[in-house]
Amino acid sequence: MIPSRRDPLPRSAASPSLLAGPPRRIPLPFPSAVSGRAFLLTLVAGALGSLLVISLLLGACGDESPPTSSSGQGGAAGDGGCPMTPLPMFTVTISTEEGTVPPDTSLTVTWSEGQEPIFQLNQPSTWSISEEANVVCDVDPSQPPPTDLTALVCRLWTSGATEIEVKAEGYSRHTETLVPMQSEECEGPIPKEVEVTLTLEMDAGQ
Numbered sequence: 001m002i003p004s005r006r007d008p009l010p011r012s013a014a015s016p017s018l019l020a021g022p023p024r025r026i027p028l029p030f031p032s033a034v035s036g037r038a039f040l041l042t043l044v045a046g047a048l049g050s051l052l053v054i055s056l057l058l059g060a061c062g063d064e065s066p067p068t069s070s071s072g073q074g075g076a077a078g079d080g081g082c083p084m085t086p087l088p089m090f091t092v093t094i095s096t097e098e099g100t101v102p103p104d105t106s107l108t109v110t111w112s113e114g115q116e117p118i119f120q121l122n123q124p125s126t127w128s129i130s131e132e133a134n135v136v137c138d139v140d141p142s143q144p145p146p147t148d149l150t151a152l153v154c155r156l157w158t159s160g161a162t163e164i165e166v167k168a169e170g171y172s173r174h175t176e177t178l179v180p181m182q183s184e185e186c187e188g189p190i191p192k193e194v195e196v197t198l199t200l201e202m203d204a205g206q
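Residue numbers (the working numbering): 1 to 206.
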């Protein structure tokens with residue numbers, strides 16, 4: 001039987017356009033809501049990571065500071081470093097238990113270059129204030145010899161073992177061989193401070 005035009009055609013006999021039905025929506029290549037959120041979180045995490053790396057690099061550059069220059073024993077610019085400027089190998093501070101340095105205190109220094117000129121506190125002609133001198137004591141050449149010094153500080157620009165002799169009338173003679181301190185960090189000797197306390201002769205044997 002030939003179907004009339006009023007009867008619907010069987011599905012098998014329908015045209016391809018009718019079989020296809022209504023046009024299907026083709027999904028666009030955009031992430032879903034969940035994948036979009038993950039995408040945003042990934043971008044934020046990446047940006048934060050980049051900022052962290054930049055801040056660490058800037059911090060590392062900002063922390064660089066010039067090295068300090070101190071020997072820990074009369075250094076020039078702070079503790080924990082090596083001297084950056086010339087310093088005397090030994091700084092000798094002479095004092096007494098009585099409180100004042102005897103006016104006739106003398107200092108004799110001998111090292112590898114021989115014996116230096118003797119320093120005598122009450123004789124200004126023995127005072128060396130030149131930068132080329134190897135024994136320089138803190139005295140004022142424009143003033144008379146001091147009589148009320150609580151301490152006499154002398155700087156020895158020597159190297160290697162250095163022998164000192166300190167004498168004053170009525171006090172026991174003090175002799176000592178000074179040896180520079182060695183520093184692995186500074187790869188050599190570093191300045192050293194020495195304290196010398198003169199004692200009265202009557203107390204020497206006690």
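Glycine included, C-beta positions come from ideal geometry on N, C-alpha and C.
{"Query": "DSSP three-state call for M202: helix, strand or coil?", "Result": "helix"}
{"Query": "By DSSP's criteria, S82 is part of a beta bridge. Which residues make up the other side?", "Result": "The amino acid occupying residue 82 in the given sequence is Cys; Ser does not appear at that position. DSSP, once it has assigned bridges, lists no residue as partnering C82."}
{"Query": "Could you spell out the range, first to last residue, of the beta strand (DSSP E) harbouring S106?", "Result": "106-111"}
{"Query": "If you run the structure through DSSP and keep just helix, strand and coil, what is L149?", "Result": "coil"}
{"Query": "Please tell me whether L121 and P103 are closer than 8 Å, where the distance is taken between their beta carbons.", "Result": "yes"}
{"Query": "So M228 is in the beta strand (DSSP E); what residue range does that whole segment cover?", "Result": "The first residue shown for the chain is 1 and the last is 206, placing residue 228 beyond what the model contains."}
{"Query": "Determine the contact status of T93 and V196, defining contact as a CB-CB distance below 8 Å.", "Result": "yes"}
{"Query": "Determine the direct distance from the alpha carbon of E97 to that of T158, and round the result to whole angstroms.", "Result": "28 Å"}
{"Query": "Out of curiosity, what's the CA-to-CA distance linking P180 and G188?", "Result": "9 Å"}
{"Query": "Between V135 and S128, how many whole angstroms is the CB-CB distance? I'm expecting something under 8 Å.", "Result": "6 Å"}
{"Query": "Please state whether DSSP places T197 in a helix, a strand or coil.", "Result": "strand"}
{"Query": "Can you give me the C-alpha to C-alpha distance between T199 and R173, rounded to a whole angstrom?", "Result": "9 Å"}
{"Query": "Would you grab the beta carbon distance between M84 and P191 for me? Rounded to a whole angstrom, and I think it's under 8 Å.", "Result": "At roughly 12 Å, the Cβ-Cβ gap does not stay under 8 Å, so M84 and P191 are not in contact."}
{"Query": "Have a look at the DSSP bridge pairing and note the partners of T96.", "Result": "L198"}
{"Query": "When the Cα atoms are used, what is the spatial distance from C137 to L152?", "Result": "7 Å"}
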